[in-house]
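Structure, as structure tokens:
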Amino acid sequence: MKLKLLALIIIACSFVKTNAQDPIFSQYFLVPETLNPGFSGFEDASYFGLIHRTQWPSLDLRVDTEYAFFNSWIENVGGMGVSILNQHENKTNYNHLQGNVNFAYHIKLSNDWFFRPAIEVGFGTKSFNFRNLVLADQINIGSGTINPYSSDPYALNANSNIAFIDFGTGFVFDKKNTRNDTDLWLGASIKHLNRPNISFLENGHVPLDIFYSIHGNYKFPYFDYNDMIISANYMQQGGYNRFDLGTTIKLDKLMLGAMAVTNPAKNNANNDLLTSINTFIGLEFEQLRFGFSYDINTSNIGRTNGVYELSITYLTGCLVCRNPANLERRK
87 MKLKLLALII
97 IACSFVKTNA
107 QDPIFSQYFL
117 VPETLNPGFS
127 GFEDASYFGL
137 IHRTQWPSLD
147 LRVDTEYAFF
157 NSWIENVGGM
167 GVSILNQHEN
177 KTNYNHLQGN
187 VNFAYHIKLS
197 NDWFFRPAIE
207 VGFGTKSFNF
217 RNLVLADQIN
227 IGSGTINPYS
237 SDPYALNANS
247 NIAFIDFGTG
257 FVFDKKNTRN
267 DTDLWLGASI
277 KHLNRPNISF
287 LENGHVPLDI
297 FYSIHGNYKF
307 PYFDYNDMII
317 SANYMQQGGY
327 NRFDLGTTIK
337 LDKLMLGAMA
347 VTNPAKNNAN
357 NDLLTSINTF
367 IGLEFEQLRF
377 GFSYDINTSN
387 IGRTNGVYEL
397 SITYLTGCLV
407 CRNPANLERR
417 K
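In terms of the working numbering, the sequence shown opens at residue 87 and continues consecutively.
Set out below in structure tokens:
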């Protein structure tokens, strides 16, 4: 019994450490709604899209994540959005599916500044295939067979599926200019305010850690009306934190960028401060935006084949065409 209990504790600890952290997209600067509900309707138009992420494909810990979103702008009010997140781990068959609804209010401040406070409400489910676990009382050593069921109380009290309600909030300050919708934005968000219980055991209590994020983005023109973007993002959840700093240049329709991902907490002596370099290439047309990124691992975790992301966004209105100042500068 002690051996079984120890095995379950090891499995549970590994599982909680891996899955209690929110997925982070390398291309959050293209779809900032993944971080902050205050970006709902941020493009001042209706738009929708999808991001797919594959993490560590060469390891047994491969994780695939998809994020689909739709946002709409309400004139003189703000933005509304819906999103669906799905995360799946191949090794454990763990799956997290969650849908969110966002609303961001729109307040015009002085000197072309805008304030966008927002709320987020979500409904999530998590599933885990406990049938893949084999406990000691299922093994028949004499006959060399495996019983399909276990009488262990821990296995009997485990739920394969759990559901929870999730709440979050955030805000964004942004400044407009005549060239682009956004020249500078600063934001912060808090997810899992209600700390939903994500325990798979009946009467268990494992509150999901609150996720904090502070982020900023500055875009400015350079050389023949091209754009350069500098972005920074600090995130913390539980005992883990992360700080990203990157830059992207826009050459007409082409976007090229790189980002340094760091682990300031360094939770143990063997952790690296710099964990990866995220490279990015994208194309931006009047109504379509494509992005591809590859994260190059720099830590001592071993050969992982990095992280891949592919994103696509479609805008129902041509923002460049709607702004006469943009057309004038592009002549």
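Glycine residues also receive a C-beta, built at the ideal position from the N, C-alpha and C atoms.
Leaving aside the five residues that flank proline 109 on each side, the residues in its chain whose CB is nearer than 6 Å to its CB run, in chain order, Thr151, Gln173. Cβ contact annotation for leucine 337 (same chain, cutoff 8 Å, sequence separation greater than five): Asn312, in chain order. Under the three-state reduction of DSSP output, threonine 399 falls in the strand class. Straight across, the Cα-Cα distance linking glutamate 370 with phenylalanine 376 is about 6 Å. A distance below 8 Å between beta-carbons, with the five flanking residues on each side excluded, links leucine 359 to the following residues of its chain, in chain order: Thr348, Asn349, Pro350, Lys352.
Spatial neighbours of leucine 272 in its own chain (CB-CB distance under 6 Å, excluding positions within 5 residues in sequence) are listed in chain order as Phe259, Gly302.
Look at glycine 124 here: in three-state DSSP terms it is helix. Histidine 291 counts as exposed, since fewer than 16 other C-beta atoms from the protein chains shown sit within 10 angstroms of its C-beta. Apart from sequence neighbours up to five positions away, the residues of its chain that approach leucine 401 with a beta-carbon distance below 7 Å are Glu129, Ala131, Tyr133, Gln373, ordered along the chain. Here the alpha carbon of isoleucine 276 sits roughly 27 Å from the alpha carbon of threonine 365. Shown here, glutamate 119 sits in a helix according to DSSP, grouped into three states. The beta carbon of leucine 279 is closer than 8 Å to those of Phe253, Gly254, Thr255, Ile296 in its chain, skipping five residues each way along the sequence. When rounded, the separation of the alpha-carbon atoms in phenylalanine 309 and leucine 342 is 15 Å. Beta-bridge analysis with DSSP links alanine 190 to Gly165, Ala204. Collapsing the DSSP output to three states places asparagine 283 in a strand. Residue state for lysine 212 is assigned as strand, using DSSP reduced to three classes.
For the 8 Å CB-CB criterion, methionine 314 and glycine 332 do not form a contact. DSSP places glutamine 141 in the uninterrupted beta strand (DSSP E) bounded by 133-141. Residues of the same chain with a CB within less than 6 Å of the CB of valine 393, apart from the 5 flanking positions on each side, are Gln141, Asp381 in chain order. Residues Gly164, Pro203 of the same chain have their beta carbon placed closer than 6 Å to that of tyrosine 191, with the five preceding and five following residues left out of the count.
Contact check for serine 379 and glutamine 113: beta-carbon distance about 6 Å, within the 8 Å limit, so the pair qualifies. For leucine 195, the closest C-alpha among the options Asn162, Asn176, Ile284 is that of Asn162. If you draw a 10 Å sphere on the C-beta of aspartate 198, you find fewer than 16 other C-beta atoms in it, and that means exposed. Taking phenylalanine 200 as reference, the option from Pro293, Ile251, Gly135, Leu270 with the minimal CA-CA separation is Leu270.
With a threshold of 16 other beta carbon atoms within 10 Å, asparagine 283 falls short and is exposed. Assignment of leucine 183 by DSSP, reduced to helix, strand and coil, places it in the strand class. With at least 16 other beta carbons inside 10 angstroms of its own, asparagine 188 counts as buried.
Here DSSP, grouped into helix, strand and coil, assigns leucine 374 to strand.
In the structure shown, serine 158 falls within a strand segment according to DSSP collapsed to helix, strand and coil. Rounded to whole angstroms, tyrosine 320 and tyrosine 326 show a C-alpha spacing of 11 Å. Following the DSSP letters along the chain, one finds tyrosine 320 inside the beta strand (DSSP E) bounded by residues 312-323. Straight-line measurement puts the Cα of glutamate 175 at about 7 Å from the Cα of asparagine 181. Beyond the five residues adjoining it in sequence on each side, leucine 183 comes within less than 6 Å, by CB distance, of Asn172, Thr211 in the same chain, given in chain order. DSSP, reduced to helix, strand and coil, places phenylalanine 297 within a strand of the structure shown.
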